[in-house]
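Numbered by this note's numbering, the letters in the sequence shown go through residues 3 to 432 in order.
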Amino acid sequence: MNKIIGQIITLTKNIFLNSPDGTQNGMEQFFVGKRNPFRFSGGMGTSWWYTQLTFKTVENLSFLITGEIDEFSSCDHETIQRVIRETLHEICVDSNIFNGDLVCFSGKDTLFECRTETNANKYGAYILDEILENVRKSISLGCVIYTAPRITGGSFSIDSEKIHVIHKKDTAKWEELIELGYCFGEWNPHTGNFIDGHKSAFSGKDYNYVFATETEGTNQGNKFSASLKFRKLFSVILALIEYEYRFKVMAKPYSMCMQIPHSKSQDKSFTQNEIGELYPYYGNNIEIKVEHISKIKKWYREEQGLAGEQRNRIEKCAHFINKGMNSSDIESYVHYFVALDALYGKIGSVSKSIEQGVSLLPDSSQWNEKIPWLFDLRNELVHGGSRYIEEWPKYMRYYRHFSAEPARDIEKLALHALSNAPPLFHESNK
3 MNKIIGQIIT LTKNIFLNSP DGTQNGMEQF FVGKRNPFRF SGGMGTSWWY
53 TQLTFKTVEN LSFLITGEID EFSSCDHETI QRVIRETLHE ICVDSNIFNG
103 DLVCFSGKDT LFECRTETNA NKYGAYILDE ILENVRKSIS LGCVIYTAPR
153 ITGGSFSIDS EKIHVIHKKD TAKWEELIEL GYCFGEWNPH TGNFIDGHKS
203 AFSGKDYNYV FATETEGTNQ GNKFSASLKF RKLFSVILAL IEYEYRFKVM
253 AKPYSMCMQI PHSKSQDKSF TQNEIGELYP YYGNNIEIKV EHISKIKKWY
303 REEQGLAGEQ RNRIEKCAHF INKGMNSSDI ESYVHYFVAL DALYGKIGSV
353 SKSIEQGVSL LPDSSQWNEK IPWLFDLRNE LVHGGSRYIE EWPKYMRYYR
403 HFSAEPARDI EKLALHALSN APPLFHESNK
């Protein structure tokens with residue numbers, strides 16, 4: 003906490019009550035004291051001036067809070083930085099630590115000089131407690147949902163990730179989430195509309211599955227963590243069902259999510275916003291069968307039993323596979339190679355470490371021959387030697403020799419590596 007308190011002291015030393023350069027640059031005007039959000043209550047207004055160091059210190063504080071205090075690890079930096087500023091607006095007239103007259107009438111040059119608490123550590127700790135309490139008020143329970151086209155099957159859950167994959171007509175599964183306290187009773191998964199008839203981001207969309215994940219954090223933080231979980235899930239699904247190259251159609255993939263409130267949350271609003279294109283609009287349907295669900299759940303169980311560094315490699319691999327799924331040509335190819343690097347790569351010997359990792363895969367013989375070629379194409383694209391995959395000088399030689407497209411092979415290899423990552427890591431740990 004000493005590091006955080008030190009940054010708070012630095013911050014208040016760099017909040018100026020008079021313009022440090024005689025201009026209006028960096029000025030913020032606001033009403034001091036605690037505000038009632040439901041009515042305009044007037045009050046004393048004042049102005050502060052910020053410098054680049056002020057903003058940088060606020061950023062440092064937000065990273066320290068999320069990085070060193072587990073309770074706030076799922077909070078987003080934008081919200082925390084806003085809360086830091088608003089908290090100082092509220093407590094700058096708190097007689098426990100500040101002389102309100104000096105603050106409001108610019109009796110000193112900086113906020114720090116207006117303090118009544120002479121012990122700097124106690125002063126910083128008091129402000130920190132107030133900031134953290136306000137951050138807690140911005141944290142809420144909820145459920146982020148997303149839909150994807152042309153993918154269907156039975157409902158299932160991934161307990162370790164608090165993910166629920168629910169067929170829109172599975173009434174029993176929806177009732178389970180309602181019993182957990184999530185306000186799904188106000189939204190109709192069949193139509194995408196709200197019960198009162200108003201449309202949502204999912205109204206009129208073609209979907210069978212709804213992907214939901216339970217969250218606890220700030221709204222932006224919840225959306226971000228949900229996007230990471232969903233990207234990983236979609237990569238795992240494609241890695242564990244029977245592989246086939248899937249063409250994408252011109253239709254735009256879905257990119258909206260909705261945050262469903264929990265009955266215990268103060269904020270009961272349904273928030274709809276962009277989460278990103280997490281699943282491509284493929285030309286054919288994908289059905290997740292019972293045997294696939296068993297494989298998916300087993301994969302997550304095995305991954306959960308690994309050491310943190312190995313789980314981290316797998317998560318990064320899955321993330322970049324999803325990026326590859328949702329892009330094309332050079333960008334897609336490079337993302338798939340980054341996924342292999344994330345899983346197997348070692349600094350200073352990327353090519354060799356990937357080759358070693360690939361050699362441990364089931365059916366590795368075909369990949370042992372292909373991987374040097376695929377790595378050569380990766381270098382060609384990354385270093386600007388070719389503008390597109392077919393321009394690679396060895397493209398036709400590869401195609402004739404292997405009777406395969408390198409773009410399809412790298413996707414197939416990345417998915418193959420991801421599907422086998424948990425059991426192979428377990429084997430290596432013995």
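Here a beta-carbon is modelled for each residue, glycine too, at the ideal position from N, C-alpha and C. Being a predicted model, the structure only gives us computed values, none of them experimental.
- With contacts defined by Cβ atoms closer than 8 Å, S157 and I168 form a contacting pair.
- The alpha-carbon of R380 is positioned some 26 Å away from that of Y283.
- A residue is called buried once 16 or more other Cβ atoms fall within 10 Å of its Cβ, and K266, having fewer, is exposed.
- The bridge partners DSSP lists for L143 are E218.
- Taking C-beta atoms as the reference points, K201 and V146 fail to come closer than 8 Å.
- The Cβ atoms of N287 and T154 sit closer than 8 Å to each other.
- According to DSSP, residue pairing for P263 in a beta bridge involves G144.
- Scanning its chain for C-beta atoms nearer than 7 Å, with the 5 sequence neighbours on each side dropped, one finds around K5 the residues L66, in chain order.
- In the displayed model, V336 falls within a helix according to three-state DSSP.
- Comparing alpha-carbon positions, the option among A203, F249, G347 and Y302 lying closest to L242 turns out to be Y302.
- Taking the Cα of D365 as reference, the smallest distance to any Cα among N422, P374 and S353 is reached at N422.
- In this structure, DSSP gives S237 a helical state, which the three-state scheme calls helix.
- Your pair L182 and A214 does not check out as a contact, with CB atoms roughly 11 Å apart and the cut at 8 Å.
- Unbroken beta strand (DSSP E) runs of no fewer than 3 residues, entirely contained in the region 179-221, are found at 211-219, following chain order.
- As the crow flies, the alpha-carbon of P22 is around 50 Å from that of I323.
- If you compare the alpha carbons of D208, W176, V251 and K325 with that of V238, the shortest gap goes to K325.
- Setting aside the 5 residues that flank it on each side, R315 is surrounded in the same chain by A344 and L345, each with a C-beta closer than 7 Å to its C-beta; the list follows chain order.
- Each residue's CA atom was taken as its position, placing E305 and R313 some 6 Å apart.
- In this structure M327 is buried. Its beta-carbon is surrounded by 16 or more other beta-carbon atoms within 10 angstroms.
- Close CB contacts of D103 within its chain, under the 7 Å cut and outside five residues either way in sequence, are with G109 (chain order).
- Taking the Cα positions, L143 is about 31 Å away from L13.
- Inter-residue distance for P255 and W50 is about 45 Å (C-alpha atoms, whole angstroms).
- Sequence-distant Cβ neighbours of A174 in its own chain, meaning closer than 8 Å and more than five residues away, do not exist here.
- By the C-beta criterion, the region 107-127 is judged not to be in contact with the region 60-79, since fewer than 3 inter-stretch pairs fall below 8 Å.
- Secondary structure note for F322: its alpha helix (DSSP H) is the uninterrupted segment G310 to M327.
- N275: member of the beta strand (DSSP E) spanning T273 to E276, first to last residue.
- In the displayed model, R117 falls within a strand according to three-state DSSP.
- The three-state reading of DSSP puts M398 in helix, counting H, G and I together.
- Rounded to the nearest angstrom, the Cβ distance from L376 to I332 is 14 Å, too far for a contact under 8 Å.
- An exposed status is given to M29, since fewer than 16 other beta-carbon atoms sit within 10 Å of its beta-carbon.
- For S353, the three-state secondary structure derived from DSSP is helix.
- Taken atom to atom, the span from the alpha-carbon of S329 to that of E73 is near 35 Å.
- About 11 Å separates the beta carbons of R233 and H337, which is beyond the 8 Å limit, so they are not a contact pair.
- When the beta-carbon positions are compared, L342 and H428 stay at least 8 Å from each other.
- Between E218 and S75, the beta carbon gap of about 10 Å keeps them out of contact (Cβ cut-off 8 Å).
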